[in-house]
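In full-length UniProt numbering, the protein residues as written are 1 to 171.
Here is the structure we will look at, set down as structure tokens.
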Amino acid sequence: MRVPPFDRYVRVMRMTGILVLGMIIGAAVYNSFYLAKTEALITLKSDLEVKLEQYEKDIKSLNEFKNQHTVIKSVKPRIEEEAGQNTGRPKLDSVTEAELIKRIRDDLGSFLGLSIYEIDSDARLARRLLERKVYSDVYGKDYRIEVKTILLAGNVMQVWVQVRYYAKPPS
Numbered sequence: 001m002r003v004p005p006f007d008r009y010v011r012v013m014r015m016t017g018i019l020v021l022g023m024i025i026g027a028a029v030y031n032s033f034y035l036a037k038t039e040a041l042i043t044l045k046s047d048l049e050v051k052l053e054q055y056e057k058d059i060k061s062l063n064e065f066k067n068q069h070t071v072i073k074s075v076k077p078r079i080e081e082e083a084g085q086n087t088g089r090p091k092l093d094s095v096t097e098a099e100l101i102k103r104i105r106d107d108l109g110s111f112l113g114l115s116i117y118e119i120d121s122d123a124r125l126a127r128r129l130l131e132r133k134v135y136s137d138v139y140g141k142d143y144r145i146e147v148k149t150i151l152l153a154g155n156v157m158q159v160w161v162q163v164r165y166y167a168k169p170p171s
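Here's what the structure looks like:
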């Protein structure tokens, strides 16, 4: 029995291998571009949904309190980020940050319509309300927040918070 001579097919096999390898690499590069665009689109959608929800709440509260000039009309929580320090603060993605801001805004929603002249008692109440509060199961992780600053300007209460990971105590 004779074995066919493969010396004639070495060059064709090499070119076929290069072609298949190029197809695989091209598919991987295309897939990475596709995933990057999809992730950017999801992030943009999340940001726009949060802004839309905030604008709708602002319009509702502004219409509700349009004749009252000395009340808190909206609450804007902000998350502080300290760059360059490794102090246990997580680097939050925009979707997680938006969810945390939404939950903080819901907790502080009871301040809407309160008098701005009583901000000192309201600020202490907000600190007690949110002091070391744990938000559990925010996309699979738990976070603890601390209120650092509360500022009232132009009927808007702005609240700056710091976010840290929360490790559950052992049972």
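C-beta atoms are modelled at their ideal positions from N, C-alpha and C, and glycine is treated no differently.
Taking the CA atoms as reference points, Thr38 sits about 37 Å from Ser110. Where Lys102 is concerned, there is no enclosing beta strand (DSSP E), although the alpha helix (DSSP H) around it starts and stops at 94-107. Rounded to whole angstroms, the Cβ separation of Val161 and Glu80 is 7 Å, and the two are in contact under 8 Å. Contact annotation: Arg144 and Arg128 have beta-carbon atoms that are not nearer than 8 Å. As computed with DSSP, Tyr143 is found in a beta bridge with Tyr135, Tyr165. In the three-state scheme derived from DSSP, where H, G and I count as helix and E and B as strand, Lys57 is classed as helix.
Its chain contains Thr70, Val71, Ile72, Leu152, Asn155 as the residues whose beta carbon lies nearer than 8 Å to that of Ile116, once the 5 sequence neighbours on both sides are disregarded; these appear in chain order.
Distance between Glu99 and Met23, taken at the CA atoms: about 40 Å.
If you check the CB distance, Pro77 and Ile101 come in under 8 Å. Where Ser74 is concerned, the enclosing beta strand (DSSP E) starts and stops at 74-79. The C-alpha of Gln54 lies about 22 Å from the C-alpha of Lys133. Nearest to Ser136 by C-alpha distance, out of Glu56, Ala167, Gln158, Leu125, is Ala167.
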